[in-house]
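In the numbering used here, the protein residues as written are 1 to 152. The beta-carbon is built from N, C-alpha and C at its ideal position, and this holds for glycine as well.
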Amino acid sequence: MSETGALHADELVSLVRELLQLLRGTSIAELEVEWGGGSVRIQRDLARGEAPTTVPTARPASPEERVVVTSAHVGIVHRDNGSFPRVGDSVSEGMTIAEVETLGIRNAVKAPVDGSLADVLVDDRTPVEYGQPLAIIQVSDTASLATGSSEP
Numbered sequence: 001m002s003e004t005g006a007l008h009a010d011e012l013v014s015l016v017r018e019l020l021q022l023l024r025g026t027s028i029a030e031l032e033v034e035w036g037g038g039s040v041r042i043q044r045d046l047a048r049g050e051a052p053t054t055v056p057t058a059r060p061a062s063p064e065e066r067v068v069v070t071s072a073h074v075g076i077v078h079r080d081n082g083s084f085p086r087v088g089d090s091v092s093e094g095m096t097i098a099e100v101e102t103l104g105i106r107n108a109v110k111a112p113v114d115g116s117l118a119d120v121l122v123d124d125r126t127p128v129e130y131g132q133p134l135a136i137i138q139v140s141d142t143a144s145l146a147t148g149s150s151e152p
């Protein structure tokens, strides 16, 4: 923070991410934070529900296409309990392929499509950021590709 109380761009982005994370799982539709150098206001449409845990690609998939599964949370990734699929295993849409622990709460990372787990891009118990690629799924059925959007 500068001497005037204004946040630098990276500090503002970090603040917004932290506020969004705090709002997840709550029924709070609007939050406004003010300080000497400015303010941040967040409004959510709760009728649409929470943002998906994974953000799949929104365009149609070809049979050879791979879908990158990204983190919807900032936290520590977990794939250590033995029940998660391994590289090469078949996965189905909605199957939990990992968890991201945030503030002691484990959030499921779900496969957005049917296919096989082509690659895991992060090691177990490592920190991950919002939007960070976690895994790649080789699509097996183009009809199963879901369109999704991320609600900040």
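{"Query": "Tell me whether Arg-17 sits in a helix, a strand or coil according to DSSP, three-state version.", "Result": "helix"}
{"Query": "Taking the straight line between their C-alpha atoms, what separation do you get for Val-122 and Glu-93?", "Result": "20 angstroms"}
{"Query": "Does DSSP classify Glu-65 as helix, strand or coil?", "Result": "coil"}
{"Query": "So what does DSSP say about Glu-93, is it helix, strand or coil?", "Result": "coil"}
{"Query": "Measure the beta-carbon distance from Asp-89 to Ser-116 and round it to whole angstroms, keeping in mind my assumption that it falls under 8 angstroms.", "Result": "7 angstroms"}
{"Query": "What are the partner residues of Pro-112, as DSSP defines its beta bridges?", "Result": "In DSSP, Pro-112 forms no bridge with anything."}
{"Query": "Near Glu-32, which residues of its chain fall below 8 angstroms by C-beta distance, leaving aside the five closest residues on each side in sequence?", "Result": "Ser-39, Val-40, Arg-41, Ile-42"}
{"Query": "Comparing C-alpha positions only, which one of Gly-104, Ser-83, Ile-97 sits nearest to Gln-21?", "Result": "Gly-104"}
{"Query": "Could you say which of Leu-23, Leu-19, Ser-27 lies nearest to Glu-34 if we only look at CA atoms?", "Result": "Leu-19"}
{"Query": "Taking a contact to mean a Cβ-Cβ separation below 7 angstroms, would you say Ile-97 touches Val-87 in this structure?", "Result": "no"}
{"Query": "Is Leu-117 helix, strand or coil by DSSP?", "Result": "strand"}
{"Query": "In angstroms with no decimal places, state the Cα-to-Cα distance between Ser-153 and Glu-129.", "Result": "Nothing about residue 153 can be read from this structure; the chain reaches only from 1 to 152."}
{"Query": "Please say whether Val-100 and Gly-75 have beta carbons closer to each other than 7 angstroms?", "Result": "yes"}
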